[in-house]
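Counting along the sequence shown from 1, when you hit position 77 you're at 181 in the working numbering, and nothing is skipped either side.
Beta carbons are placed, not taken as given, at the ideal position from N, Cα and C, and that holds for glycine.
All values derive from a computational prediction rather than experimental measurement.
To keep things clear, I will list the structure first and then write my remarks on it.
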Amino acid sequence: MSRAFVKEDVDPPERSGRTRSASGLPPGAVNYITAAGAQHWRDELKRRQTDRTANRDRIAELEELIRSFTVVDLPDDQGSIAFGAKVTVRDVNGAMQAYRIVGVDELEFYPDAVSWISPIGKALLAAEVGDRLTLADAKVEVVKVEYPID
């Protein structure tokens, strides 16, 4: 492939010499997180600070991670699908599945979490209740939107 067709600004950080952020996102990417997710990391930092000597490296990691966050507030219209939403879909067989749209640094906190930058997260963010879409090769209908505060 000719170098004329390669964009330097989309090269992975490993090739471009730039370093990834604390969250693992590419340089310049915004690290969105829900308020609950940010609080979880702040609580862990507080717990670790009780023994600063034993946890020095982890404390430094957590401080860097927390500095990278951009907390996203809940939308005014909580009937629409936005960052932080828990979206329930129904497949053609009637089976229900919920997905919680969150930031990359809070995926481990919720069993139904999907990143807002994942294909499923992007598809859900572009949908509304009643829409039919394809998620991971399954045809589904969006049936419910809620915003958990945990």
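So if DSSP puts residue i in a beta bridge, which residue, or which two residues, is it bridged to?
i      : result
TYR203 : VAL191
SER219 : VAL206
PHE173 : ASN135
LYS243 : THR238
VAL249 : VAL191
Shortest alpha-carbon distance to residue i belongs to which of the options?
i      : options                        : result
GLU165 : VAL196, ASP181, GLY128, ASP177 : GLY128
GLY207 : PRO215, ILE221, ALA158         : ILE221
ILE185 : ASN159, ARG156, ASP155, VAL233 : VAL233
VAL247 : ALA217, TYR203, SER219         : TYR203
TYR136 : THR157, ARG171, ALA158, LYS243 : ARG171
ARG194 : LYS150, ARG236, ASP254         : ARG236
GLY183 : VAL249, ASP254, ILE253         : VAL249
ALA231 : ARG156, VAL191, ILE163         : VAL191
If you draw a straight line from the C-alpha of residue i to the C-alpha of residue j, how long is it?
i      : j      : result
GLU148 : LYS226 : 29 Å
ILE224 : TYR251 : 18 Å
ASP181 : ASP161 : 41 Å
ARG146 : LEU211 : 16 Å
ASP216 : ARG152 : 27 Å
LEU239 : PRO130 : 25 Å
GLU118 : ALA199 : Residue confidence is low: GLU118 scores 44 on pLDDT, short of 50, so the model does not pin down where it sits. Its coordinate-derived value is still stated next. Going by the C-alpha atoms only, they are around 42 Å apart.
GLU168 : GLU245 : 39 Å
ASP155 : ILE163 : 10 Å
ASN159 : SER219 : 28 Å
What do you get for residue i, buried or exposed, if any count of 16 or more other CB atoms within 10 angstroms of its CB means buried?
i      : result
ASN197 : exposed
GLY132 : exposed
ASP241 : exposed
GLY188 : buried
Examine the Cβ distances between the segment 166-184 and the segment 135-148 and report whether three or more of them are shorter than 8 Å. For the pair of segments examined, the segment 166-184 was found to touch the segment 135-148: the number of CB pairs separated by less than 8 Å reaches three.
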